[in-house]
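At the far end of the sequence shown sits residue 442, using our numbering, and the numbering has no gaps. I have placed the structure first, in the form of structure tokens, so that the comments after it can refer back to it.
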Amino acid sequence: MRISVVGTGYVGLVTGVSLSEIGHHVTCIDIDEAKVEKMKQGHSPIYEPGLAELMTKNIEAGQLFFTIDHATGFHQADVIYIAVGTPEKEDGSANLAFVKQVATQIASHVSKDTVVVTKSTVPVGTNDKVKEVINQNLVNNVHVDVVSNPEFLKEGSAIHDSFNGDRIVIGSDSEHAASLIEEVNQPFGVPIYRTDVRSAEMIKYASNAFLATKISFINEIANICDRVNANVEDVAKGMGMDRRIGDKFLNAGIGYGGSCFPKDTKALIQIAGNAGYDFELLKGVVKVNQKQQALLLDKLYERFTSLDGKRIAVLGLAFKPNTDDMREAASIVLTEKLIEQGAEVVGYDPIAMDNARNWLSEDMFYAESVEDAVEGSDATLIVTEWDEIKHVDLDVFKTMKYPLVVDGRNCFGLDEMKEVGVEYHSVGRPGASIEDNVLLQG
């Protein structure tokens, strides 16, 4: 089938490449000319394992194309995917300006009956508005159906998720359109769930809000464990053995980040408010997450009388492993506050260093390796659980001025850190007691 995808961010590019991999003729459209030229050469603008390889493969096979021209991109398209950003407004609601712009472009250039698929995460009722904008601005006498097809990809494993997902949700009031999109997705071999448009829109927000709630819940349990000398990992394992609960998203840490959970939780609170409902539970989830990001600082402040002049190593800058995405990354809040306290902050990330420079303070320093960041530091904070960090030789911490590690992702075993002789504080697990140690003087 001939498919066009508008927008080449995480969602759009992964969607387009994956659709080309299962045999469709795909044209990806973006307004950034320099970005498009790079993609034509097989260079991915984002770091996502396996993406660049599939791009090159399908470009060479004549299945995948890139353009900045909407008329060219939409020519003879059977299906057009909208996969542009819906950034957060100041009030937490989703900004639909880019979605509406694409709808107008479709109306101006589409030349045959087409199904428009909204892949972007949008509030309930948006697809109705998209259809209205298209119908009001159609230049040619064609019929356009609109389908909601939310994405459930995880950054860092998006290609794998495309071919191994739990479900593909198709929301449509048109039997023909729903069947066509089911046919498009059939080669993925992923279970397909069909429903109405508004329920499909709601499924995406409800799913992300539930997962965010699960994360905030286990982090609250971890904070209690810190105070009663329990081990949150054992607690989570015991909870997860209950099939009603499951063991996913029960890893205590310093909260969630990225482009989805923070934005979607706030958007759902706004959607509920617009419908006259106060979503108190989800407001609590957001509040807990914001508090959790500062947890490492709280532990550090208890350990030092002053951070002024202290060298602090920050390992991991991206919001999660296997991505260079810095959106809502905990490292942003942590490094900003450390620098405000007069600390010299040295960051390291295997992939996100270049991107981090656009997000973090100009006063940040960057190391070329874990070893370079840690050596001579007064304390090390672990913010992102990259494999490179989790599997580092623990003797590296002996090169610090004092071997003090505050781990926001529970990367290391308590016993192994004790054997190496590192003072180790993690999340919701017993560690070296602050009360049993002399405060490090400023």
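Every residue gets a Cβ at the ideal spot worked out from N, C-alpha and C, and that includes glycine.
Within this structure, are the beta carbons of D145 and V115 separated by less than 8 Å?
Along the sequence shown, read from residue 1 onward, the residue named residue 145 stands at position 145. Along the sequence shown, read from residue 1 onward, the residue named residue 115 stands at position 115. Going by C-beta atoms, D145 is nearer than 8 Å to V115.
Handout entry: Three-state secondary structure (DSSP) of F210
Key = Stepping through the sequence shown from its first residue, residue 210 is reached at position 210. DSSP places F210 in helix when its eight states are reduced to three.
### Task
Can you tell me which of the three DSSP states V6 falls into?
Taking the first residue of the sequence shown as 1, we reach residue 6 at position 6. Looking at V6 - three-state DSSP - the assignment turns out to be strand.
>> Is the separation between the beta-carbon of T399 and that of G316 shorter than 8 Å?
In response: The residue you call residue 399 lines up with position 399 of the sequence shown. The residue you call residue 316 lines up with position 316 of the sequence shown. For T399 and G316, no; Cβs fall outside 8 Å.
DSSP three-state label for I168, please.
Within the sequence shown, the letter at position 168 stands for residue 168. Reduced to three states, the DSSP call for I168 is strand.
| field | Opening and closing residue of the alpha helix (DSSP H) in which G347 lies | value | Here residue 347 refers to the residue found at position 347 when the sequence shown is read from its first residue. Unbroken run through G347 is the beta strand (DSSP E), E344 to Y348; no alpha helix (DSSP H).
Of all the options D325, T323, V346 and A71, which has the alpha carbon lying nearest to the alpha carbon of V314? As a first step, residue 314 must be located in the sequence shown, where it is residue number 314. V346 is the residue among D325, T323, V346 and A71 whose C-alpha sits nearest the C-alpha of V314.
Identify, in the order they occur along the chain, each residue of the same chain with its Cβ nearer than 7 Å to the Cβ of A318, setting aside the five sequence neighbours on each side. Locating residue 318 in the sequence shown gives position 318, counting from the first residue. Taken in chain order, the residues that qualify are D324, D325, M326, A329, D349, I351, A352 and T384.
Which one or two residues does DSSP pair with C456 in a beta bridge?
Residue 456 lies beyond the residue range present for the chain, which begins at 1 and ends at 442; the question has no answer from this structure.
Coarse secondary structure for Y301, derived from DSSP in three states:
Position 301 of the sequence shown, counted from the first residue, corresponds to residue 301. Residue state, collapsed to three classes: helix.
Q.
Can you give me the C-alpha to C-alpha distance between I254 and H425, rounded to a whole angstrom?
A. Position 254 of the sequence shown, counting from 1, holds the residue named residue 254. Position 425 of the sequence shown, counting from 1, holds the residue named residue 425. Distance between the alpha carbons of I254 and H425 is about 13 Å.
Check your understanding: Taking contact to mean at least 3 C-beta pairs separated by less than 8 Å, is the region 220-234 in contact with the region 160-174?
Key -> Contact fails: fewer than three Cβ-Cβ distances are below 8 Å.
Any chance the region 174-189 sits against the region 97-112, with 3 or more Cβ pairs inside 8 Å?
Between the region 174-189 and the region 97-112 there are fewer than three C-beta pairs closer than 8 Å, too few to call the two in contact.
**Asked** Going by beta carbon distance, what residues of the same chain come within less than 8 Å of E336, once the five residues before and after it are set aside?
**Response** Your numbering for residue 336 matches position 336 in the sequence shown. A distance below 8 Å between beta-carbons, with the five flanking residues on each side excluded, links E336 to the following residues of its chain, in chain order: L360 and S361.
Between the Cα of I68 and those of I29, R198 and T56, spot the shortest distance and give me the residue it belongs to.
On the sequence shown, residue 68 is found 68 positions in, with the first residue counted as 1. Minimum Cα distance to I68 is reached at I29.
Spatial neighbours of E435 in its chain, beta-carbon cut-off 8 Å, leaving aside the 5 residues before and after:
Indexing the sequence shown from 1 puts residue 435 at position 435. Because the pLDDT of E435 is 40, which lies under 50, any placement of that residue in the model is unreliable, and the number read from its coordinates should be weighed accordingly. Within the same chain, E435 has no close Cβ partners at all.
query = Can you tell me the Cα-Cα spacing of Q41 and Y47, whole angstroms?
reply = If you number the sequence shown from 1, residue 41 lands on position 41. If you number the sequence shown from 1, residue 47 lands on position 47. Each residue's Cα considered, the two are about 16 Å apart.
- Determine the direct distance from the alpha carbon of E21 to that of L54, and round the result to whole angstroms. In the sequence shown, residue 54 corresponds to position 54, counting from 1. In the sequence shown, residue 21 corresponds to position 21, counting from 1. One C-alpha to the other measures close to 7 Å.
Could you spell out the range, first to last residue, of the alpha helix (DSSP H) harbouring A97?
Looking up residue 97 in the sequence shown gives position 97. Counting along the chain, the alpha helix (DSSP H) containing A97 begins and ends at A97 to H109.
* To do: Report yes if the CB atom of L268 is closer than 8 Å to the CB atom of F261, and no otherwise.
  => Here residue 268 refers to the residue found at position 268 when the sequence shown is read from its first residue. Here residue 261 refers to the residue found at position 261 when the sequence shown is read from its first residue. Not in contact: L268 and F261 (Cβ atoms no closer than 8 Å).
Who pairs with T86 in a beta bridge, going by DSSP? On the sequence shown, residue 86 is found 86 positions in, with the first residue counted as 1. Per DSSP, none; premise fails for T86.
Could you give the distance in angstroms between the alpha-carbon of T265 and the alpha-carbon of F217? Sequence index remark: in the sequence shown, residue 265 carries index 265 (1-based). Sequence index remark: in the sequence shown, residue 217 carries index 217 (1-based). In a straight line, the C-alpha of T265 is about 14 Å away from that of F217.
Quick one: Cα of Y509 to Cα of H75, how far? The question about residue 509 has no answer here: the residues shown for the chain are numbered 1 through 442.
Decide yes or no for the touch test of the region 399-409 against the region 282-299: beta carbon pairs closer than 8 Å, at least 3 of them.
The region 282-299 and the region 399-409 touch, with three or more beta-carbon pairs separated by less than 8 Å.
ask   = Does the distance from the CB of T8 to the CB of K35 come in under 8 Å?
value = Walking along the sequence shown from the start, residue 8 turns up at place 8. Walking along the sequence shown from the start, residue 35 turns up at place 35. K35 is positioned such that its CB atom lies closer than 8 Å to that of T8.
Margin query: Let me check one thing: in DSSP terms, what residues is S148 bridge-paired to?
Written below: Here residue 148 is taken as the residue at index 148 of the sequence shown, counted from 1. Bridge pairing for S148: T118 and G171 [DSSP].
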